[in-house]
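Asks: In order, the protein sequences belong to chains A and B.
Reading the first sequence from the start, the letters are residues 1 to 310 in the working numbering.
Reading the second sequence from the start, the letters are residues 1 to 364 in the working numbering.
C-beta: ideal position from N, C-alpha, C; glycine also.
Note that the structure is a prediction, hence the values are computed from the model and not measured.
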Amino acid sequence: MSSYSQPARRRHLGDKRLIQMFIIPTVVLLILMNVFPLIYSLYLSFTEYSAINPTPPQWVGLDNYKKVLSDNLYWHNFAVTGRYALISVSLQMIVGFGLAMLLKEKFKGSGLLTTLILVPMMLSPAVVGAFWKNIFNPSFGIFDQFLGYSDPNTAPEWLGDPDLALWAVVIVDVWMWSPFVMLLSLAGLSAIPDYLYEAAAIDRASAWFQFRRITLPQVMPLLLIAVLFRTIEAFKQFDLVMGLTGGGPSLLQGTQAVNVTETVSVKLFRLAMPPQAQTGLSSAMAYVVLVIIIAISNLYIRALNKVREG
Amino acid sequence: MATIELMNVEKKFGSSYAVKPMNMTIHSGEFVVLLGPSGCGKTTTLRMISGLEAVTDGQILFDGKDVTWLHPSDRDIAFVFQFFALYSHMTARENIAFPLQAQGEPRDSIRKRVEEVAKMLRIEHLMNARPGGLSGGDQQRVALARALVRRPAAFLMDEPLGALDAEFRESMRAEIKRLHIEQNATTVYVTHDQIEAMAMGDRVVVMSAAVVQQNGTPAEVYHDPANLFVAKFIGSPGMNLIQGHYADGKVALPGDNHYTVPADWYTAIHETIGRDGDIILGFRPEAAHISASGPIATTVYTTDLHGSYTMLHLELNRDTIVDVRAGRGTNYPIGTPARFDLDPAMVRFFDPKTEAAIHKGGNP
Chain A
1 MSSYSQPARR
11 RHLGDKRLIQ
21 MFIIPTVVLL
31 ILMNVFPLIY
41 SLYLSFTEYS
51 AINPTPPQWV
61 GLDNYKKVLS
71 DNLYWHNFAV
81 TGRYALISVS
91 LQMIVGFGLA
101 MLLKEKFKGS
111 GLLTTLILVP
121 MMLSPAVVGA
131 FWKNIFNPSF
141 GIFDQFLGYS
151 DPNTAPEWLG
161 DPDLALWAVV
171 IVDVWMWSPF
181 VMLLSLAGLS
191 AIPDYLYEAA
201 AIDRASAWFQ
211 FRRITLPQVM
221 PLLLIAVLFR
231 TIEAFKQFDL
241 VMGLTGGGPS
251 LLQGTQAVNV
261 TETVSVKLFR
271 LAMPPQAQTG
281 LSSAMAYVVL
291 VIIIAISNLY
301 IRALNKVREG
Chain B
1 MATIELMNVE
11 KKFGSSYAVK
21 PMNMTIHSGE
31 FVVLLGPSGC
41 GKTTTLRMIS
51 GLEAVTDGQI
61 LFDGKDVTWL
71 HPSDRDIAFV
81 FQFFALYSHM
91 TARENIAFPL
101 QAQGEPRDSI
111 RKRVEEVAKM
121 LRIEHLMNAR
131 PGGLSGGDQQ
141 RVALARALVR
151 RPAAFLMDEP
161 LGALDAEFRE
171 SMRAEIKRLH
181 IEQNATTVYV
191 THDQIEAMAM
201 GDRVVVMSAA
211 VVQQNGTPAE
221 VYHDPANLFV
231 AKFIGSPGMN
241 LIQGHYADGK
251 VALPGDNHYT
261 VPADWYTAIH
271 ETIGRDGDII
281 LGFRPEAAHI
291 SASGPIATTV
301 YTTDLHGSYT
311 MLHLELNRDT
321 IVDVRAGRGT
331 NYPIGTPARF
341 DLDPAMVRFF
351 DPKTEAAIHK
361 GGNP
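1. Can you name, in chain order, every residue of its own chain whose Cβ lies under 6 Å from the Cβ of Val288 of chain A, other than the five neighbours on each side?
2. As an exercise, report each continuous alpha helix (DSSP H) stretch of at least 4 residues that is fully enclosed by the stretch 175–249 of chain A, in chain order.
3. What would DSSP say about Ser3 of chain A, mapped onto helix, strand or coil?
4. Determine the direct distance from the alpha carbon of Pro125 of chain A to that of Asp239 of chain A, and round the result to whole angstroms.
5. Could you check whether Val149 of chain B and Arg113 of chain B sit closer than 8 Å to each other, using their CB atoms as the reference points?
6. Pick helix, strand or coil for Asn106 of chain B, following the three-state DSSP scheme.
7. Which partner residues does Gln214 of chain B have in the DSSP bridge list?
8. Quick check on the burial criterion: 16 or more other C-beta atoms within 10 angstroms. Buried or exposed for Ile52 of chain A?
9. Tell me, to the nearest whole angstrom, how far the beta carbon of Tyr241 of chain B is from that of Ala226 of chain B; I am working on the premise that it is less than 8 Å.
10. Would you kindly report the start and end of the unbroken alpha helix (DSSP H) that includes Lys66 of chain A?
11. Since Ser16 of chain B is in the alpha helix (DSSP H), which residue starts that stretch and which ends it?
12. 8 Å is my cut-off, CB to CB: does His306 of chain B come that close to chain A?
13. Considering Cα atoms alone, identify which of B:Tyr259, B:His270, B:Gly36 and B:Lys119 is closest to Val19 of chain B.
14. Output needed for Leu290 of chain A: all residues of its chain with C-beta closer than 7 Å, excluding positions within five of it in sequence on either side, in chain order.
15. I need the straight-line Cα distance from Asp71 of chain A to Val227 of chain A, nearest angstrom please.
16. Taking contact to mean 3 or more Cβ pairs, one atom from each stretch, closer than 8 Å, check whether the stretch 77–86 of chain B and the stretch 135–147 of chain B are in contact.
17. Return the CA-CA distance between Met93 of chain A and Phe229 of chain A, expressed in angstroms with no decimal places.
18. Among residues of its own chain, excluding the 5 on either side of Ala252 of chain B, which ones have a beta-carbon nearer than 7 Å to its beta-carbon?
19. Where does the unbroken alpha helix (DSSP H) through Lys177 of chain B begin, and where does it stop?
20. Report yes if the C-beta distance between Ala153 of chain B and Met22 of chain B is below 8 Å; otherwise report no.
21. Compile a chain-ordered list of the residues in the stretch 203–219 of chain A whose CB is closer than 8 Å to at least one CB of chain B.
22. At the level of alpha carbons, what is the spacing between Ala197 of chain B and Met127 of chain B?
23. Given 8 Å as the limit, is there contact between the stretch 17–34 of chain A and the stretch 252–261 of chain A, that is, 3 or more CB pairs closer than that?
24. Answer yes or no: does any C-beta atom of chain B fall closer than 8 Å to that of Tyr195 of chain A?
25. Taking just the CA atoms, how far does His313 of chain B sit from Leu342 of chain B?
26. So, helix, strand or coil for Gly277 of chain B, using DSSP?
27. Please classify Ile269 of chain B: does DSSP put it in a helix, a strand, or coil?
28. Taking buried to mean at least 16 other C-beta atoms within 10 Å of its own C-beta, is Ala165 of chain A buried or exposed?
29. For chain A, check one thing: does any of its Cβ atoms lie closer than 8 Å to the Cβ of Phe233 of chain B?
30. So the alpha helix (DSSP H) Val288 of chain A belongs to, where does it begin and stop?
31. Using only the alpha-carbon positions, how far apart do Ile214 of chain A and Gly109 of chain A sit?
32. Grouping DSSP H, G and I as helix and E and B as strand, with all else coil, what is Gln82 of chain B?
33. Reducing DSSP to helix, strand and coil, say where Gln276 of chain A ends up.
34. Determine whether the Cβ of His89 of chain B lies closer than 8 Å to any Cβ atom of chain A.
35. Does Glu105 of chain A have its Cβ less than 8 Å from a Cβ in chain B?
36. Considering only residues of the same chain and omitting the five flanking positions on each side of Gly29 of chain B, which have a CB-CB separation below 8 Å?
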């Protein structure tokens, strides 16, 4: 009999109530964890305030934004991030798509090989940073040995040389995230129907012509998605830098000492956390980064739509 | 335009044959239809001619030149696929221009030729649309235009109308036939639709179970089927085939009926099954006519009105029902008796042991 009374009781709960019961907790959580901090930090970005100081926020208008956008010190961080994103994402696209082209045709062991290539992506960035730090070590690291340097005194010091440090971070990022690009590219390549290549063979298209006119345009939407994801990630680059170089080494630029691998996120972290704890200024900087990322994403999405519609 | 020759061409997957060794010559300018049920090897044969599928043995010659191991792009052929195989990211215009661009032709001549072909297929107004936005019929027109644009030596078509609605099929059938006549291009056309095959082909090659059953004109395969398979497969409905016993110039049929064999068949029948033996009598529905004095007595089982004629299903006995075509004027109530006679010129006989047709003029 209880099996009959059960649905009867449920009938008191209307669809609307049920929907609300599912949605309200999420909305509350979103407001507390996302919306409130977002709006509050926007407010703080217009104030002079330190989270570890009992003084309440003092309204300073656009001063923080002026400082972030005009001070060469901060421009340096943006320049590092931009250069890093450009080089790293380009290399990941080339390596990842190249690997996908090689693994496109199934062969014995290709499944295992694909899985093995995906391993770096599954590791924690903190772990990756820690062990690549050892790999780059000029006296016992295998990287320099692999490149053919046997004498630790003449071997390049990847993480300590201001000319090489950013490249070192790029190398690790490419190692870690090219598999992601490969995965997306493989999905795109395998979705191209065989009959298009059959038609192209009948139409007497050379291999290069087929690649340029069929393969590339057909995978382009997925390639653009890969570029979008990786660019956003590159702009947020924090963990690998902290694990490998901590932002250093420093280099004298004019009269100022700058940290050559200090990305915007690393700088933000330093500004926001004690001992500096410049909450107002760091909020302003975070908003500048947010606007840049939104702008870039929009450009990509526009490009993506263009590719899809022609 | 090319002559295509297949010499002992075969295709094996593992130990089973997709196409058993076959010989066939397709003359220059001819429209040949490969017809058969699905899985009979007709598409495999076409793909071997195109080079998309490799042969496991035998030779393929184009104009006497061995092309067996040439890449599809080196055979100078065009292929029309069942599901169009248009490049989805390109407009109709780009699709049609593709074969010319692939050969690096100058831009001006490409534009001129593309417009010419578009006009021929009456798709000028669709040129900037993408395949996804076109109807099935229009997509196939674009695919045909892409095939035509290069002026290939031969057209290979794999069920090009198979994916279209019945309404489109009829008009596209006429369009393809017209194109063939205008271009006079050697065409090999695969279909499972025997009406399409009869309507379009100069010659029909009927295949079944990886083997060519008959290779002849539409009239030959219809009126003189080489064996029971072709007799049943061609025509809708197929040929009536009645098991009987031959003796003394007469065939004993189910339901105590006797059919007197026309005298000009005696020699051929005696040569194949002897003077006394089992035989299969075959006739098309239109070879029979209802007549009160007809030798074969039946009962009306059902009738279907087909508009211009009525198809009668007549019962000789419980296991034997034949289809007979009758005028639409008369009414044939179910269960009433009906007698019919056969046009002696349209009667065929088959040997039940070999399933092959008995030929009046001796076996070829």
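Replies: Looking at the coordinates:
1. Excluding positions up to five away in sequence, the list reads Val68.
2. You should have 194–202, 207–210, 216–235 and 239–244.
3. Here Ser3 of chain A scores only 48 on pLDDT, less than 50, and its place in the model is too uncertain to base an answer on.
4. In a straight line, the C-alpha of Asp239 of chain A is about 6 Å away from that of Pro125 of chain A.
5. For Arg113 of chain B and Val149 of chain B, yes; Cβs fall inside 8 Å.
6. Sequence inspection shows Pro at residue 106 of chain B; the Asn mentioned does not correspond to that position. If DSSP states are grouped into helix, strand and coil, Pro106 of chain B belongs with coil.
7. Looking at the DSSP assignment, Gln214 of chain B forms a beta bridge with B:Val206.
8. By the Cβ neighbour-count rule, Ile52 of chain A is exposed, with fewer than 16 other Cβ atoms within 10 Å of its own.
9. It should be noted that the sequence gives Leu, not Tyr, for residue 241 of chain B. Under the criterion of beta carbons closer than 8 Å, Leu241 of chain B and Ala226 of chain B do not qualify as touching, at roughly 14 Å.
10. Counting along the chain, the alpha helix (DSSP H) containing Lys66 of chain A begins and ends at Asp63 to Ser70.
11. Careful: Ser16 of chain B lies outside any alpha helix (DSSP H), inside the beta strand (DSSP E) at Ser16 to Ile26.
12. With 8 Å as the cut-off, His306 of chain B does not count as an interface residue toward chain A.
13. With distances taken between Cα atoms, Val19 of chain B lies closest to B:Gly36.
14. Cβ neighbours of Leu290 of chain A beyond the five flanking positions: none.
15. Those two C-alpha atoms are separated by around 30 Å.
16. Contact holds: three or more Cβ-Cβ distances are below 8 Å.
17. Cα to Cα, Met93 of chain A sits roughly 11 Å from Phe229 of chain A.
18. Same-chain partners within the cutoff: Gly244, His245 and His258.
19. Ala166 to Gln183 is the span of the alpha helix (DSSP H), which, as asked, contains Lys177 of chain B.
20. Not a contact, by the Cβ cut-off of 8 Å.
21. Within the stretch 203–219 of chain A, the residues whose Cβ lies closer than 8 Å to some Cβ of chain B are Asp203, Arg204, Ala205, Ser206, Phe209, Arg213, Ile214, Pro217 and Gln218, listed in chain order.
22. Distance between Ala197 of chain B and Met127 of chain B, taken at the CA atoms: about 31 Å.
23. These segments do not touch.
24. Judged by the 8 Å Cβ criterion, Tyr195 of chain A is in contact with chain B.
25. C-alpha separation (whole angstroms): 15 Å.
26. Here Gly277 of chain B sits in strand by DSSP.
27. Here DSSP, grouped into helix, strand and coil, assigns Ile269 of chain B to helix.
28. Under a 10 Å Cβ-count criterion, Ala165 of chain A is classified as buried, with 16 or more other Cβ atoms of the shown protein chains found around its own Cβ.
29. Judged by the 8 Å Cβ criterion, Phe233 of chain B is not in contact with chain A.
30. DSSP places Val288 of chain A in the uninterrupted alpha helix (DSSP H) bounded by Thr279 to Glu309.
31. As the crow flies, the alpha-carbon of Ile214 of chain A is around 27 Å from that of Gly109 of chain A.
32. Three-state DSSP puts Gln82 of chain B in coil, outside helix and strand.
33. Per DSSP, reduced to three states, the secondary structure at Gln276 of chain A is coil, with no helix or strand assignment.
34. By this cut-off, His89 of chain B is an interface position.
35. By the rule that beta-carbons nearer than 8 Å mark a contact, Glu105 of chain A does not touch chain B.
36. Result list for Gly29 of chain B: Met1, Asn184, Ala185 and Thr186, in chain order.
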